[in-house]
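Okay, structure first, notes after.
Residue numbers (my numbering): 953 to 2087.
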């Protein structure tokens, strides 16, 4: 019989699924949070009349899908035999009860899993807003925009239209003067603010600014800081310390910065009214760097012995000796100096007249651009998630005046559960407040919040971990919650859990702090046995060949794969750029990896080269574009040849292209390359503006040998991602600028294939919720980018049950505004605490093995070393300092000796290493096309196709007429929109298809033709709508695409290899895993023999669909079927 280990928190887990109580549960990494939620929901389902009375909210669709899957899986497993494991047995028993209730009430949960109300916050907001469109002021259902940043920018740019406005003009001018008249900077800062408007809109309110409330907020912050210091009260009341202050104060001159010490006869109260005394005490104790003083002198009133006489001399000498000893003891107390140092820079609660005017102008301008953004959204029938959330908030009404919808939801929802509660923002917290506004303890309704504040790492998404701490302490909206703590860890081995407990007990703050988002550490207990190959290791690397981090990481991966071939491995980095060297080393070492969304498309060399060609086509006189193209793999002119060309032609690039043969110094390969370039580029420039840029760029790229210059299939997909992007952009706007293309390209990532990958590479943020046998955390020495300045900084907090606010407008150049610095300091501390939590999240992804590493730069000082590197002494060597903003900084107290030992080791080997390494050639890695490359000879495809058409027997259908051609265009477009979910048959019917008339009128001249085409288009669309196969074609499918553009080499009817461009009307993968390729044929047969017509069409298009199939089969390995669909005839013909 198997012995199952009982978790130490088993009683807590049993309590947490009690359906009669409300809880907030802290569930650390690996604690089985999702399983607990599953059991809680199952238990609740045994009590309700309808499953819709239970609503579970999470943050991602993936998490919602996983929770629903867990519940359905539990219900399905209830039909099997009872399991032995206690936890599984509890789930099985609860699921059996749910199935009985399911059968009793006819819920049909297994057939209709959507009755389980599990949704994201965004989905909940959308549902609420759309139910009350007038109250929410959403103006009907809006789609979610993919380009919110562009809307923010457009709204911000509208301020230039108000410069002469009587109301807004003065405010714009005021802010411009404050920002040194930098219009672009002001627009950019306003656009940034719009992306966070859900936070500051409610702070600004609808009325005028109340400075007194803001000043009171500063006093509240001061009070909170002093209360944090109060934990050290017993230390500060030490007799030696108070005696030293009293003694030193007697020697301070009037007007001295520590003059407030004269009022300190005893320790001041920990109250904001005594802030000046406390700041003087902090200055008395600390040096500028924020540590306790080691040297005591007359600057703080403690004179040198020689400056004192009599009893003062004796007393002063003793006080300084005792105070030094006391400060030495205090320096060993964690967080004492830091907390005291926080007091020093706290500002007075006074906004200057200038600050008040800036705030007042900001208030008006932010409201203006918010209105402009709403207009922009409504004009495009799109909105961002923030707009939906704000609309939901409006739809629910006010706390004292709930809307009809709020009352309705209050009646329907009996049990509310929130997963990952530590990531809740103020807006989401307010939504929860309104949803439970009418709830009372004991009325049968329950709230269940679960999360882990130690894993709150999404501050950039406005997650506020302080809300979790506040709710633990106070409940939510007066609704009490019992706080529970889980401790068992079912994920990681004891080696990892013990390491995490020891390290993070020291790294995390000792006490929670709502304002600063400080979370104390809660230790975990390992439930898994220790494995022989389970370990934690720290590796120190240096930027020397053979000692680099990338090399060691690749070697470590290869070694682990030999030990555990089936084990999962993840490399987690803080930022995408931190993984580039490792990915390059993996490629060189033959380690396959999957790195989704890790490498920006714009950073790939193949895309960089393509974009330079694009830039040249758009800006033919651009010298940088010319130089980059000439040096690119397509042309491959060396720097020496470029120098000769530059000397001869300077910046006259077109003359260069026409007369380069006259340069005698030019090498033969350069002349061959330029001869190949000249006709291609001349033709492309001549057609610029006449042809679509996407088409022009692709043809130019192919003619220059672009495909042959690629190093992998992945690069081909990356290049075609750029072409597809250009097609999308051109469909929306014309002309298109290079800057616009760059901005859109910056949002795309390079292609990565997941098949057979040995290692996953991702950011630490993306890894949350995942687990791997081995986790590698490299580049810990690297720091994140510093936060940029914002137009307005704000804080919203609670102090002693009272809401507090801090608003700080951006400071002018070269000014130090104390209130702005206070806001920056709070954000800086929040960021530092979150960085520690990020390291915790990354480390706790590991199940068996955890490897941490850094790569430090070696530095040499010739003066200290007494000569050049290799000739001088070892004393000249040092390594780069470790920045406070790096994750390595948190581990430094534990691994500094390890780093120093490795440093001494490599210093002793530097001479050997330098002898082994050859100096790299300047041209190493400079890849270019072979100079003998020539474009392949391609038959005239147009003439071949025309000949084929002429030879075919004419059939009785009207495909060749203008009306039929236009009908085909419009029907194809509408079917594409319906397939993409951007149009629907219902909407077309509701509008009586009137939206199609402008499209038809654009292409047809007579009213008779327009009407005929209109009738045919309606017939095609209605046929499709009413046809079962038509509905099947257009419903959502896996990997579905419309108007799929493909280019490649295929075999024609005579078996010759030809390059063809194809557009596939509709393609998708069905439930059986088969890829369907379907072409629409909108011809309307007028004759009697429809079957003969269909047979002829099958024969006509079979070769084309065969080519489609051949091309797609190279992209993916799965069964493929092809078919024709005839909307006019409601016929689906599989070939």
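Backbone N, C-alpha and C fix where the C-beta goes; we use that ideal spot for every residue, glycine too.
Being a predicted model, the structure only gives us computed values, none of them experimental.
Using CA coordinates, which residue listed in 1410, 1224, 1751 is at the minimum distance from residue 1423? The residue given as residue 1423 occupies position 471 in the chain shown. Answer by Cα proximity: 1751.
Opening and closing residue of the alpha helix (DSSP H) in which residue 1207 lies: One-based indexing of the chain shown puts residue 1207 at position 255. Here residue 1207 belongs to no alpha helix (DSSP H), and DSSP marks it neither H nor E.
Count the other CB atoms within 10 Å of the CB of residue 1564; is the residue buried (16 or more) or exposed (fewer)? For the purposes of this step, residue 1564 is identified with residue 612 of the chain shown, where counting begins at 1. Answer is buried; the Cβ neighbour count reaches 16.
Residue 1809, enclosing alpha helix (DSSP H) - first and last residue: Here residue 1809 is taken as the residue at index 857 of the chain shown, counted from 1. Run containing residue 1809: none; DSSP gives neither H nor E here.
Run the CB neighbour count on residue 1854, radius 10 Å, all protein chains shown included, and call it buried at 16 or more, exposed below. To locate residue 1854, count along the chain shown from 1; it is residue 902. Buried.
At a cut of 8 Å, does the segment 1836-1854 reach the segment 1785-1796 through at least three beta carbon pairs? yes
Within 10 angstroms of the Cβ of residue 1479, are there 16 or more other Cβ atoms? Answer buried if so, exposed if not. As a first step, residue 1479 must be located in the chain shown, where it is residue number 527. Buried, by the Cβ-count rule.
Would you call the CB atoms of residue 1801 and residue 1512 closer than 9 Å? Along the chain shown, one-based indexing puts residue 1801 at 849. Along the chain shown, one-based indexing puts residue 1512 at 560. A contact, by the Cβ cut-off of 9 Å.
Bridge partners of residue 1002, per DSSP? Working through the chain shown from its first residue, we reach residue 1002 at position 50. Paired residues: none, contrary to the question.
Cβ-Cβ distance between residue 1028 and residue 1050 below 9 Å: The count along the chain shown starts at 1 and reaches residue 1028 at position 76. The count along the chain shown starts at 1 and reaches residue 1050 at position 98. No, Cβ-Cβ distance for residue 1028 and residue 1050 is not below 9 Å.
Should residue 1795 be labelled buried (16 or more other beta-carbon atoms within 10 Å of its own) or exposed? Reading the chain shown from its first residue, position 843 is the one you call residue 1795. Burial call: buried.
Quick check: the Cα distance between residue 1689 and residue 1682, rounded to an integer number of angstroms? Your numbering for residue 1689 matches position 737 in the chain shown. Your numbering for residue 1682 matches position 730 in the chain shown. For residue 1689 and residue 1682, the distance between alpha carbons rounds to 10 Å.
Whole angstroms is fine: what's the gap from residue 1085's alpha carbon to residue 1096's? Sequence index remark: in the chain shown, residue 1085 carries index 133 (1-based). Sequence index remark: in the chain shown, residue 1096 carries index 144 (1-based). Residue confidence for residue 1085 is low, a pLDDT of 48 falling below 50, so the modelled location carries little weight; the figure read from the coordinates is stated next. If you take the alpha carbons of residue 1085 and residue 1096, they lie about 16 Å apart.
Pick from 1130, 1268, 1106, 1366: whose alpha carbon is nearest that of residue 971? Looking up residue 971 in the chain shown gives position 19. Taking only the C-alpha atoms, the option nearest residue 971 is 1366.
If you compare alpha carbons, which of 1692, 1418, 1730 is closest to residue 1530? To locate residue 1530, count along the chain shown from 1; it is residue 578. When only C-alpha atoms are compared, the closest one is 1730.
Just reading off the alpha helix (DSSP H) that residue 1282 is part of, what are its end residues? Residue 1282 sits at position 330 when you count from the first residue of the chain shown. Residue 1282 -> alpha helix (DSSP H) spans 1262-1282.
Using C-beta distances below 6 Å, list every residue in its chain close to residue 1294, excluding the 5 sequence neighbours before and after it, in chain order. Locating residue 1294 in the chain shown gives position 342, where the first residue counts as 1. Closer than 6 Å at the Cβ level, and outside the excluded window around residue 1294, lie 1177.
On the three-pair Cβ rule with 8 Å, is the segment 1432-1450 touching the segment 1406-1419? no
Buried versus exposed call for residue 1544 [16 or more other C-beta atoms within 10 Å across all chains shown]: The residue labelled residue 1544 in the question sits at position 592 within the chain shown. Exposed, by the Cβ-count rule.
Check for me: the beta strand (DSSP E) holding residue 1564 runs from which residue to which? Against the chain shown, residue 1564 aligns to sequence position 612. Taken as a continuous stretch (DSSP letters only), residue 1564 belongs to no beta strand (DSSP E), being part of the alpha helix (DSSP H) at 1557-1570.
Cα separation between residue 1031 and residue 985? As a working note, residue 1031 is residue 79 in the chain shown. As a working note, residue 985 is residue 33 in the chain shown. Distance between the alpha carbons of residue 1031 and residue 985: 24 Å.
Using 8 Å for Cβ pairs, my map puts residue 1505 next to residue 1778. What's the rounded Cβ distance? Translated into positions along the chain shown, residue 1505 becomes position 553. Translated into positions along the chain shown, residue 1778 becomes position 826. That belief does not hold up - the Cβ atoms of residue 1505 and residue 1778 are roughly 37 Å apart, past 8 Å.
Inter-stretch contact at 8 Å, needing at least 3 Cβ pairs: the segment 1284-1292 / the segment 1216-1227: no
Give the list of continuous beta strand (DSSP E) stretches no shorter than 3 residues that lie fully inside the segment 997-1054. 1006-1010
Take residue 1663 as the anchor and find which of 1556, 1611, 2044, 2070 has the nearest alpha-carbon. In the chain shown, the residue the question calls residue 1663 occupies position 711. Of the listed residues, the one whose Cα sits closest to residue 1663 is 1556.
DSSP three-state assignment for residue 949, whether helix, strand or coil: In the structure displayed, the chain extends from 953 to 2087; residue 949 sits before or after that span and is not available.
Just how far apart, CA to CA, sit residue 1270 and residue 1315? By one-based count along the chain shown, residue 1270 stands at place 318. By one-based count along the chain shown, residue 1315 stands at place 363. Cα-Cα distance, rounded: 58 Å.
Rounding to the nearest angstrom, what Cα-Cα distance links residue 1609 and residue 1307 in this structure? Here residue 1609 is taken as the residue at index 657 of the chain shown, counted from 1. Here residue 1307 is taken as the residue at index 355 of the chain shown, counted from 1. Rounded to the nearest angstrom, the two C-alpha atoms are 59 Å apart.
How would you call residue 1416, buried or exposed, if buried means at least 16 neighbouring beta carbons within 10 angstroms? For the purposes of this step, residue 1416 is taken as the residue at position 464 of the chain shown. Flag for residue 1416 reads buried.
Local conformation of residue 1235 per DSSP, three classes: For this step, residue 1235 is matched to residue 283 along the chain shown. The answer is helix: DSSP assigns residue 1235 an H, G or I state.
Applying the criterion that 16 or more other CB atoms from any shown protein chain within 10 Å of the CB defines a buried residue, is residue 1438 buried or exposed? In the chain shown, the residue the question calls residue 1438 occupies position 486. Residue 1438 is buried by the Cβ-count criterion.
Within 10 angstroms of its Cβ, does residue 1259 collect 16 or more other Cβ (buried), or is it exposed? Within the chain shown, residue 1259 is the residue found at index 307, counting from 1. By the 10 Å Cβ count, residue 1259 comes out exposed.
Can you give me the Cβ contacts of residue 1932 inside the same chain, cut-off strictly under 8 Å, excluding the 5 residues immediately before and after it? Residue mapping note: residue 1932 aligns to position 980 of the chain shown, counting from 1. Closer than 8 Å at Cβ, skipping near neighbours: 1994.
Could you check whether the Cβ of residue 1074 sits closer than 9 Å to any Cβ belonging to chain B? Among the chains of the structure shown, chain B does not appear; only one protein chain is present.
Among the candidates 1574, 1464, 1665, 1219, whose CA atom is the shortest distance from the CA of residue 1603? Taking the first residue of the chain shown as 1, we reach residue 1603 at position 651. Selected option, being the one with the closest Cα: 1574.
Take the Cβ of residue 1726 as the centre, count every other Cβ of all protein chains shown within 10 Å, and call the residue buried at 16 or more, exposed below. Against the chain shown, residue 1726 aligns to sequence position 774. Buried is the call here.
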